[in-house]
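Structure, as structure tokens:
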Amino acid sequence: MNPLARNEPGKTILAMGNDAIVRGGLEAGLGYFSTYPGTPASEIGEGFTALKQQFPHIHTEFSVNEHVAAHGAQGASWANVRSMVTMKHVGMNVASEVLHFAAYSGVRAGFVVVVGSDPGATSSTSEQDDRWYSLHTHLPILEPATIQEAKDFTIKAFELSEKYNLPVILNAPSKLCHNIGSLTLGSLPREVQKNGHFERNPTRYINLFGGSVANHRRAMESIDALEKDIPLVSLNREAPGTGKTGFISSSINYLYLMEALALLGIVDAPVLKIGITHPLNVKEISGFAGGLERIIIVEELEGFLEYQIKQLLYDTGIRTAIKGKQIFPRYGELDVDIIADVLSRELGLPLPEKMERALTISETLTTGIPPRQGAFCIGCPHRATLYSIVKATDRKVIFAGDIGCYTLSCLPPFRAFDWVTCMNCGVGIAQGMLQKIEGEKVIAYVGDSTFFHSGIPNVINAVQQHADLVLVILDNKWVAMTGHQPSPTTDVSIHGEKMNPVDIKGLLKSIGVKYIRSIDPFNIKASIAAVRDALRQEEGVRVIIAEQECALQFARRIKITPPEYTVFYQIERGRCQLCNECYVDLGCPAIRKDFNDDGHFYYIEETACLRCGACKDLCPNGAIVRTEIKLHPGTSRETEKVS
Ligand code: SF4
Ligand code: SF4
């Protein structure tokens, strides 16, 4: 049994931070869950999906984007069913419009917005500090520090949402989302609100004719009421001390801080751990600051707490010195080492000898590790598509990159990416740029999920503005980069039901795209010809749809349903001219180099090869051969048509 489904209050299990948030939702009686997957928060959606059998009343969906997901959760809340929407930090940019209005119109049942942030940008193109959205939207924000708090704060967030009539944000950084620790279960509710009903409430839901001002006021009054109640909410914790320097921290940084203080031998420092970082309670903060000479605020990224605390203390007349972003970096992740190092300099304390030693050892180990470069998976259709694009263009075009697995094409051997910023930056930026440059060809990329996320309006605009570009839609049928959640082109739902995939071609036709071609990326010669043909045309937006399933999903599927043919690809050494097309220009990791008395040679590692056939198609010397062993009557993948 999935341990998250157990109704055994008091039992302690091992759980990831994201699992703890799922369990918090279950204990809170959640009825609606929506998300657009994004690291580090993707596993929350996976968690609810895996629990469908035990909790069939929870509607779980991977929405088309975060804006849609947030609206869905708002709708469920207005139907009086507790709802949760999750996203990664940059997803807040997409959902923020919904959340601004959600603050105005309020909730009926609890509405919780979980945001997985990514200090250090380990899996993102930005490390924006999304906590500022809570100030901008007037929504409370909770920052759990531990796995246990991730669950407990989730439950609290639902309670606060209902009590103060506001959606509540729960912020969890990647180190918390993905850490594993002990989690003590609470009880699952005996009864949950499975379905609700809508009650008309025009003064709240119709933000027109002065209604928006009245609702703005209501939102401000709600957040002010919560601010006064913060001590009763009991999410903040003060550890009194006798020292004259106090520390304030939140989230996982609080744990780092406590470890750093212990390392430096500081045992008497007053520490305020803040669990609800907006709003802050003036009495609580001034009470803590009152007798201190200095406060050091430890938080990742920007000085969100520092900004609020300085403002709040200024109004009370307390002039305790505040140090935050003057001494800590405003970018990147914090950890115990960084905090201890900064504090040792600030407080004039030596770093303990064992820590100096550990840092030296860690530095030595790091320098000894050979650098590894990201690469497409073996058999990935994107590799084959990129190979064809590079061969067809000789890189003499502008490459408009985008967000997805294909972002790896900025690396060797392809180096076919001129920018990547946010979702749909490829066609979006290109279509504007094309209005102001002449004589340049542009190839824009977009994955199927990114296209549906927010690409369609960009393509419509490009068509309407007659932008001359080639758009390559890399349709691998999954949201692969975040763990293979379904995309609108996937033919199966998260619950295994058959789906009707969206017809991309039909959609493109309906918005006025006249040139649409499909390619099988593994058919290299045809793909190169298709790219050249599309570039030759001068009729606005031309679209090539590269259709092949994600290699990892394909590999999983053939494990479940073994194919009826076994196919091998081998390099015939007698024919191979060592031209490097397969080994360097395609760069499939299943093609290996070895040495003998005559020098080096290439071979295909049979246990790694995924039999995509791309290398066979591109070898100019016919040195790569395909051998087919028929196990059962039927067809092999090579002859299968995906669409
Ligand atoms: S592409 Fe063909 S000839 Fe060139 S290195 Fe590979 S196997 Fe040898
Ligand atoms: S067939 Fe060739 S390109 Fe495809 S996975 Fe095997 S070695 Fe790599």
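To get our numbering, take the position in the sequence shown, counting from 1, and add 7. Glycine included, C-beta positions come from ideal geometry on N, C-alpha and C. Note that the coordinates shown come from a computational prediction; the quantities given were computed from them, not determined experimentally.
> What's the gap between the Cα of residue 159 and the Cα of residue 431?
Replying inline: Here the question's residue 159 lines up with position 152 in the sequence shown. Here the question's residue 431 lines up with position 424 in the sequence shown. Going by the C-alpha atoms only, they are around 36 Å apart.
> So what's residue 90 in DSSP terms, helix, strand or just coil?
Replying inline: The count along the sequence shown starts at 1 and reaches residue 90 at position 83. For residue 90, the secondary structure class from DSSP, reduced to helix, strand or coil, is strand.
>> Please return the same chain residues whose Cβ sits closer than 6 Å to the Cβ of residue 279, not counting the five positions on each side in sequence.
In response: Indexing the sequence shown from 1 puts residue 279 at position 272. Beyond the five residues adjoining it in sequence on each side, residue 279 comes within less than 6 Å, by CB distance, of 245, 255 and 295 in the same chain, given in chain order.
> According to the neighbour-count rule (16 or more other Cβ atoms, all chains shown, within 10 Å of its Cβ), is residue 507 buried or exposed?
Replying inline: As a first step, residue 507 must be located in the sequence shown, where it is residue number 500. Per the 10 Å Cβ criterion, exposed.
> Quick one: does the C-beta of residue 429 sit closer than 7 Å to a heavy atom of ligand 2?
Replying inline: One-based indexing of the sequence shown puts residue 429 at position 422. No, since every heavy atom of ligand 2 falls outside the 7 Å radius drawn around the Cβ of residue 429.
>> Taking its Cβ as the centre, do 16 or more other Cβ atoms sit within 10 Å of residue 642, making it buried, or is it exposed?
In response: In the sequence shown, counting from the first residue as 1, residue 642 sits at position 635. Its pLDDT being 48, under 50, residue 642 is placed unreliably in this model, and the coordinates cannot settle the point.
> Apart from the five residues on each side of it in sequence, which residues of its chain come closer than 7 Å, Cβ to Cβ, to residue 545?
Replying inline: Along the sequence shown, read from residue 1 onward, the residue named residue 545 stands at position 538. Excluding residues within five positions, the ones whose Cβ falls inside 7 Å are 475.
>> Once DSSP output is grouped into helix, strand and coil, what is the label at residue 227?
In response: Sequence index remark: in the sequence shown, residue 227 carries index 220 (1-based). Helix, per DSSP.
> How big is the Cα-Cα spacing for residue 130 and residue 46?
Replying inline: Reading the sequence shown from its first residue, position 123 is the one you call residue 130. Reading the sequence shown from its first residue, position 39 is the one you call residue 46. In a straight line, the C-alpha of residue 130 is about 6 Å away from that of residue 46.
> Can you list, in chain order, the residues of its chain whose CB lies under 6 Å from that of residue 25, leaving out five sequence neighbours each side?
Replying inline: In the sequence shown, counting from the first residue as 1, residue 25 sits at position 18. Non-local beta-carbon contacts of residue 25 in its own chain, meaning distances under 6 Å to residues more than five positions away in sequence, involve 50, 51 and 184 in chain order.
>> Give me, in chain order, the residues of the same chain whose beta-carbon lies closer than 8 Å to that of residue 115; leave out the 5 immediate sequence neighbours on both sides.
In response: By 1-based counting over the sequence shown, the position of residue 115 is 108. Excluding positions up to five away in sequence, the list reads 84, 85, 86, 87, 203 and 206.
> Exposed or buried, residue 216, counting other C-beta atoms within 10 Å across all chains shown (16 or more means buried)?
Replying inline: For the purposes of this step, residue 216 is identified with residue 209 of the sequence shown, where counting begins at 1. Residue 216 should be labelled exposed.
> For the putative contact between residue 94 and residue 109, defined by C-beta atoms under 8 Å, what is the C-beta separation to the nearest angstrom?
Replying inline: Taking the sequence shown and counting its residues from 1, the one referred to as residue 94 is at position 87. Taking the sequence shown and counting its residues from 1, the one referred to as residue 109 is at position 102. Wrong, their Cβ atoms sit about 14 Å apart, outside the cutoff.
> Hey, residue 378 and residue 291 are a contact pair by Cβ (cut 8 Å); roughly how many whole angstroms apart?
Replying inline: Taking the first residue of the sequence shown as position 1, residue 378 is located at position 371. Taking the first residue of the sequence shown as position 1, residue 291 is located at position 284. Cβ-Cβ separation between residue 378 and residue 291: approximately 48 Å, too far for a contact (criterion under 8 Å).
> Less than 8 Å separating the beta-carbons of residue 522 and residue 479?
Replying inline: Along the sequence shown, read from residue 1 onward, the residue named residue 522 stands at position 515. Along the sequence shown, read from residue 1 onward, the residue named residue 479 stands at position 472. Contact flag unset, no.
>> Taking 6 Å as the limit between beta carbons, can you name the residues of its chain near residue 339, skipping five residues before and five after?
In response: Position 332 of the sequence shown holds residue 339. Only 127 meet the Cβ criterion.
>> Just to confirm my understanding: we take residue 20, look at its own chain, exclude 5 residues before and 5 after, and list those with CB closer than 7 Å. What are they?
In response: To locate residue 20, count along the sequence shown from 1; it is residue 13. 10, 190 and 192, listed in sequence order.
> What residue range is occupied by the uninterrupted beta strand (DSSP E) comprising residue 41?
Replying inline: On the sequence shown, residue 41 is found 34 positions in, with the first residue counted as 1. Secondary structure note for residue 41: its beta strand (DSSP E) is the uninterrupted segment 39–42.
>> I want to check one thing, is the minimum distance from the CB of residue 584 to the heavy atoms of ligand 1 below 7 Å?
In response: Indexing the sequence shown from 1 puts residue 584 at position 577. Residue 584 Cβ: within cutoff of ligand 1.
>> Does residue 197 pass the burial test, meaning 16 or more other C-beta atoms within 10 Å, or should it be called exposed?
In response: Taking the first residue of the sequence shown as position 1, residue 197 is located at position 190. Sixteen is the threshold: since fewer than 16 other Cβ atoms of the shown chains lie within 10 Å of the Cβ of residue 197, the residue is exposed.
> Where DSSP assigns a beta bridge to residue 188, which residues make up the other side?
Replying inline: Taking the first residue of the sequence shown as position 1, residue 188 is located at position 181. BP columns for residue 188 point to 22.
>> Considering only heavy atoms of ligand 2, does any lie closer than 7 Å to the CB of residue 412?
In response: Reading the sequence shown from its first residue, position 405 is the one you call residue 412. With a cutoff of 7 Å, residue 412 does not count as near ligand 2, since its C-beta is closer than that to no heavy atom of the ligand.
> When the Cα atoms are used, what is the spatial distance from residue 39 to residue 327?
Replying inline: In the sequence shown, the residue the question calls residue 39 occupies position 32. In the sequence shown, the residue the question calls residue 327 occupies position 320. If you take the alpha carbons of residue 39 and residue 327, they lie about 46 Å apart.
>> I'd like the list of long-range same chain contacts for residue 90, defined as Cβ closer than 6 Å, with 5 residues on each side in sequence excluded.
In response: Here residue 90 refers to the residue found at position 83 when the sequence shown is read from its first residue. Non-local C-beta neighbours of residue 90 in its own chain, meaning closer than 6 Å and more than five positions away in sequence, comprise 39, 80, 83, 84 and 118, ordered along the chain.
> For residue 642, which of helix, strand or coil comes out of DSSP?
Replying inline: Looking up residue 642 in the sequence shown gives position 635. Per-residue confidence for residue 642 stands at a pLDDT of 48, beneath the threshold of 50, marking its modelled position as unreliable; the derived number appears in the next sentence. Of the three classes helix, strand and coil, the one that applies to residue 642 here is coil, per DSSP.
>> Excluding the 5 residues flanking residue 399 on each side, which residues of the same chain have their C-beta closer than 6 Å to its C-beta?
In response: Locating residue 399 in the sequence shown gives position 392, counting from the first residue. So the qualifying residues of the chain are 535, 538 and 539.
> With DSSP run on the structure shown, which of helix, strand or coil describes residue 152?
Replying inline: Taking the sequence shown and counting its residues from 1, one reaches residue 152 at position 145. Shown here, residue 152 sits in coil according to DSSP, grouped into three states, outside any helix or strand.
>> Could you compute how far the alpha carbon of residue 322 sits from the alpha carbon of residue 220?
In response: In the sequence shown, the residue the question calls residue 322 occupies position 315. In the sequence shown, the residue the question calls residue 220 occupies position 213. In this structure, the straight-line span from the alpha carbon of residue 322 to that of residue 220 is close to 26 Å.
> Just how far apart, CA to CA, sit residue 433 and residue 450?
Replying inline: Position 426 of the sequence shown holds residue 433. Position 443 of the sequence shown holds residue 450. Taking the straight line from one Cα to the other gives about 9 Å.
>> What does the alpha-carbon distance come out to for the pair residue 582 and residue 514?
In response: Mapped onto the sequence shown, residue 582 falls at position 575. Mapped onto the sequence shown, residue 514 falls at position 507. Separation of residue 582 and residue 514 (C-alpha to C-alpha, rounded to the nearest whole angstrom) is 46 Å.
> When DSSP labels each residue in this structure, what does residue 205 get in the three-state scheme?
Replying inline: As a first step, residue 205 is located in the sequence shown; it is residue number 198 there, counting from the start. Here DSSP, grouped into helix, strand and coil, assigns residue 205 to coil.
> Identify the residues that DSSP records as bridge partners of residue 492: which are they?
Replying inline: If you number the sequence shown from 1, residue 492 lands on position 485. Per DSSP, 486.
> Hey, which unbroken runs of the beta strand (DSSP E) at 3 residues or more fall wholly within the segment 269–321?
Replying inline: 278–281, 283–285 and 301–305, all fully within the segment 269–321.
> Is there at least one non-hydrogen atom of ligand 2 closer than 7 Å to the beta-carbon of residue 621?
Replying inline: Counting from 1 along the sequence shown, the entry for residue 621 is found at position 614. Within the cutoff, so yes.
> What residue range is occupied by the uninterrupted alpha helix (DSSP H) comprising residue 335?
Replying inline: As a first step, residue 335 must be located in the sequence shown, where it is residue number 328. Counting along the chain, residue 335 sits inside no alpha helix (DSSP H), nor does DSSP assign it H or E at all.
> So what's residue 420 in DSSP terms, helix, strand or just coil?
Replying inline: The count along the sequence shown starts at 1 and reaches residue 420 at position 413. Here residue 420 sits in coil by DSSP.
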